[in-house]
Amino acid sequence: MAPVLKIQELLGGEAVTGPLMTEFDVVRLVRKGLSVAAVDGFLAATHQPFSAIEPYVMPRRTFNRRREADQPLDPAESDRMVRIARMVAAAEDVLGDQERAWRWLERPNRTLEGQTPISMADTDLGAQGVERLLGQIAHGLAA
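Reading the sequence shown from the start, the letters are residues 1 to 143 in the UniProt record's numbering.
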């Protein structure tokens with residue numbers, strides 16, 4: 001898993017997530033439900049529109065209802081949001097900066113059978129495959 005502090009930073013920082021020191025803190029946060037502010041924080045930190053995460057986290061209408069009702073995301077939605085933050089954190093770490101990371105995440109990849117790495121975020125197993133691929137890239141085993 002990408003470092004917890006990078007995930008926290010991508011989700012709006014400690015003011016939004018509360019203190020996160022270990023992966024278990026992230027698990028507790030997911031179970032409790034991320035705040036709408038965490039999604040907003042992610043979009044601001046990555047300079048991405050909501051449409052970049054909509055297919056993998058939740059429909060925009062659902063997000064807007066959560067915002068209007070001042071409700072947190074449910075645990076499944078929170079898990080999907082953290083999954084994307086984890087992938088982005090890993091890509092930034094390996095590729096060096098946010099712009100290169102997003103370009104790589106959105107480009108079809110032969111190793112992923114022509115799918116884009118970000119499209120693999122729809123399942124945890126897919127995200128793990130992307131993280132494994134990033135690990136191989138970091139160690140010079142894949143292009």
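Note that CB positions come from ideal geometry on N, CA and C, so glycine has one too.
Asked: Going by DSSP in three states, MET81 sits in which element: helix, strand or coil?; Found: helix
Asked: I'd like to confirm something about GLU14: is its beta-carbon nearer than 8 Å to some heavy atom of the ligand SAH, or not?; Found: Among the components of this structure there are no ligands whatsoever, and the ligand SAH is therefore not found.
Asked: Around the Cβ of ARG107, are there at least 16 other Cβ atoms within 10 angstroms (buried) or fewer (exposed)?; Found: exposed
Asked: Pull up the distance between the alpha-carbon of LYS110 and that of LEU133, whole angstroms please.; Found: Residue 110 is actually Arg in this sequence, not Lys. Between ARG110 and LEU133, the C-alpha separation is close to 11 Å.
Asked: Does the distance from the CB of LEU73 to the CB of MET58 come in under 9 Å?; Found: yes
Asked: Counting along the chain, where does the alpha helix (DSSP H) carrying GLN8 start and finish?; Found: 4-10
Asked: List in chain order: all unbroken alpha helix (DSSP H) runs of 4+ residues lying wholly within the UniProt domain "Antitoxin Xre-like helix-turn-helix" (25-86).; Found: 36-46 and 60-68
Asked: Using beta-carbon positions only, say whether GLU77 and LEU34 come within less than 9 Å of one another.; Found: yes
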